[in-house]
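Engineer: Each protein sequence line maps, in turn, to chains X and D.
All residue numbers for the first sequence refer to the working numbering, where the first residue is 315 and numbers rise by one.
All residue numbers for the second sequence refer to the working numbering, where the first residue is 315 and numbers rise by one.
Dropping a structure here in structure tokens format, bear with me for questions.
Number of protein chains: 2
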Amino acid sequence: MKESGRKQGALSPCAACKLLRRRCAQDCVFAPYFPADEPQKFASVHKVFGASNVNKMLQELPEHQRSDAVSSMVYEANARLRDPVYGCVGAISSLQQQIDSLQTQLAIAQAEVVHMRMRQYGSSSNNIPGTMDMVVDQTNAGESLWSC
Amino acid sequence: MKESGRKQGALSPCAACKLLRRRCAQDCVFAPYFPADEPQKFASVHKVFGASNVNKMLQELPEHQRSDAVSSMVYEANARLRDPVYGCVGAISSLQQQIDSLQTQLAIAQAEVVHMRMRQYGSSSNNIPGTMDMVVDQTNAGESLWSC
């Protein structure tokens, strides 16, 4: 889709050149990443980073990294437009909170496994003679959980 | 520290006005958030977002949200300068991977709790008569784990 836009040359400027009202040159740095049929992508990065900064950032990167850089800039710009106070950092904070919560839940679950294992070991060695080998195996299996 | 910088008025321009080589007015929108003794903060947001966009974004926010907005912009700009391809989005991707990994570990631990509980229930009801009440209590305790 991007390529078909370029084949038409000056007759079909990329979304960036269209918004900036300038001629879209054959070697336009924006054209491969901002096709005319997705005008919102450039509008977002232009509003948040500014066309000049986007241009500079792309020029400073090797070509094979530019597509990823554009995707991350579009994502970041959209986050900033949705949430002008926190932008992407709001998402980072929310994910960090999820991690804290999951780590707490995991610690509780793992503690319960250890607790049950110890109780099982206690009741096994007191009440059911001859199950020592099985208990040792389970202890090893438990270690693999902690090393996840 | 911010206030002391402002009290000196035009004699001590804020970091933004200093970098932009302009007079720092008494009502400068940058001054409360970019004190002269932290020049790197404005240098980063200027390089990534551009002074004009930062100005515009601050003007569009109520004053009580501007400090948080500046902090998140500085964080985002520094992330983009450290990692020009992925910026903040790299951190988001990494946190998302941590969440996936923690969710897997939690599912394993919780499955092990359920498995041990069922085995314990089985052995309790088969081998140790009169422990039904205790087993029911443990099942309830287990439910609280799932609802974390």
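Think of the CB as a built atom: it goes at the ideal place given N, C-alpha and C, for glycine as much as any other residue.
Using three-state DSSP, classify Pro353 of chain D as helix, strand or coil.
Structural biologist: Within the second sequence, numbered from 1, the residue matching residue 353 of chain D stands at position 39. Pro353 of chain D: helix per DSSP, three-state reduction.
Engineer: For Gly394 of chain D, which three-state DSSP category applies?
Structural biologist: In the second sequence, the residue the question calls residue 394 of chain D occupies position 80. The amino acid occupying residue 394 of chain D in the given sequence is Arg; Gly does not appear at that position. If DSSP states are grouped into helix, strand and coil, Arg394 of chain D belongs with the helices.
Engineer: Run the CB neighbour count on Leu395 of chain X, radius 10 Å, all protein chains shown included, and call it buried at 16 or more, exposed below.
Structural biologist: On the first sequence, position 81 is the one that residue 395 of chain X refers to. Answer is exposed; the Cβ neighbour count stays below 16.
Engineer: By alpha-carbon positions, which one of X:Phe344, X:Glu426, X:Glu390 ends up nearest to Glu377 of chain X?
Structural biologist: The residue labelled residue 377 of chain X in the question sits at position 63 within the first sequence. Looking at the Cα atoms, X:Phe344 is the closest of the given residues.
Engineer: Of all the CB atoms in chain X, is at least one closer than 9 angstroms to the CB of Phe363 of chain D?
Structural biologist: Position 49 of the second sequence, counted from the start, is the residue given in the question as residue 363 of chain D. So, interface residue.
Engineer: Mind checking Arg380 of chain X: buried by the 16 CB within 10 Å criterion, or exposed?
Structural biologist: Mapped onto the first sequence, residue 380 of chain X falls at position 66. With 16 or more other Cβ atoms within 10 Å, it is buried.
Engineer: When the cut-off is 9 angstroms and only beta carbons count, does Met371 of chain X lie next to chain D?
Structural biologist: By one-based count along the first sequence, residue 371 of chain X stands at place 57. Chain D, which has a Cβ nearer than 9 angstroms to the Cβ of Met371 of chain X, makes this yes.
Engineer: Determine the chain X residues that contact Ala423 of chain D at a beta-carbon separation under 7 angstroms, and present them in chain order.
Structural biologist: Walking along the second sequence from the start, residue 423 of chain D turns up at place 109. Per Cβ cutoff of 7 angstroms: Leu420, Ala423, Gln424, Val427, Leu459.
Engineer: Taking 9 angstroms as the CB-CB limit, is Met448 of chain D close to chain X?
Structural biologist: Taking the first residue of the second sequence as position 1, residue 448 of chain D is located at position 134. Its pLDDT being 36, under 50, Met448 of chain D is placed unreliably in this model, and the value from its coordinates should be taken loosely. Taking 9 angstroms as the threshold, the shortest C-beta distance from Met448 of chain D to chain X does not fall below it.
Engineer: I need the DSSP call for Phe363 of chain X, collapsed to helix, strand or coil.
Structural biologist: For this step, residue 363 of chain X is matched to residue 49 along the first sequence. Looking at Phe363 of chain X - three-state DSSP - the assignment turns out to be coil, as it is neither helix nor strand.
Engineer: Show which residues of chain D have a CB atom less than 9 angstroms away from the CB atom of Cys402 of chain X.
Structural biologist: Reading the first sequence from its first residue, position 88 is the one you call residue 402 of chain X. What Cys402 of chain X touches in chain D: Ser386, Tyr389, Glu390, Ala393, Gly401, Cys402, Val403, Ala405, Ile406.
Engineer: Less than 9 angstroms between the beta carbons of Tyr400 of chain D and Asp382 of chain X, yes or no?
Structural biologist: Start at 1 with the first residue of the second sequence, and residue 400 of chain D comes out as number 86. Start at 1 with the first residue of the first sequence, and residue 382 of chain X comes out as number 68. Yes, Cβ-Cβ distance for Tyr400 of chain D and Asp382 of chain X is below 9 angstroms.
Engineer: Decide if Gln354 of chain X is buried, meaning its Cβ has at least 16 other Cβ atoms within 10 Å, or exposed.
Structural biologist: Here residue 354 of chain X refers to the residue found at position 40 of the first sequence. Flag for Gln354 of chain X reads exposed.
Engineer: In whole angstroms, what separates the C-alpha of Leu372 of chain D from that of Ala330 of chain X?
Structural biologist: As a first step, residue 372 of chain D must be located in the second sequence, where it is residue number 58. As a first step, residue 330 of chain X must be located in the first sequence, where it is residue number 16. About 25 angstroms.
Engineer: Is it buried or exposed for Ser386 of chain D, if we count other Cβ within 10 angstroms and need 16 for buried?
Structural biologist: Taking the second sequence and counting its residues from 1, one reaches residue 386 of chain D at position 72. With 16 or more Cβ atoms within 10 Å of its Cβ, Ser386 of chain D is classed as buried.
Engineer: What does the alpha-carbon distance come out to for the pair Phe356 of chain X and Pro349 of chain X?
Structural biologist: For the purposes of this step, residue 356 of chain X is taken as the residue at position 42 of the first sequence. For the purposes of this step, residue 349 of chain X is taken as the residue at position 35 of the first sequence. Looking at the two C-alpha atoms, the distance is approximately 9 angstroms.
Engineer: Counting only the same chain and skipping the five closest in sequence on each side, list residues whose C-beta sits under 7 angstroms from that of Tyr347 of chain D.
Structural biologist: Here residue 347 of chain D refers to the residue found at position 33 when the second sequence is read from its first residue. So the qualifying residues of the chain are Arg380, Ser381, Val384.
Engineer: State yes or no: is the C-beta of Ser431 of chain D within less than 9 angstroms of the C-beta of Met432 of chain X?
Structural biologist: As a first step, residue 431 of chain D is located in the second sequence; it is residue number 117 there, counting from the start. As a first step, residue 432 of chain X is located in the first sequence; it is residue number 118 there, counting from the start. Per the sequence shown, residue 431 of chain D should be read as Arg rather than Ser. Their beta carbons are not under 9 angstroms apart, which means Arg431 of chain D does not touch Met432 of chain X by this criterion.
Engineer: Exposed or buried, which one is Gly364 of chain X when buried takes at least 16 other CB atoms within 10 Å?
Structural biologist: Translated into positions along the first sequence, residue 364 of chain X becomes position 50. With 16 or more other Cβ atoms from the protein chains shown falling within 10 Å of its own Cβ, Gly364 of chain X counts as buried.
Engineer: Throw me the rounded Cβ distance for the Ile413 of chain D and Ile413 of chain X pair, which I believe falls under 8 angstroms.
Structural biologist: Residue mapping note: residue 413 of chain D aligns to position 99 of the second sequence, counting from 1. Residue mapping note: residue 413 of chain X aligns to position 99 of the first sequence, counting from 1. 6 angstroms between Cβ atoms; contact.
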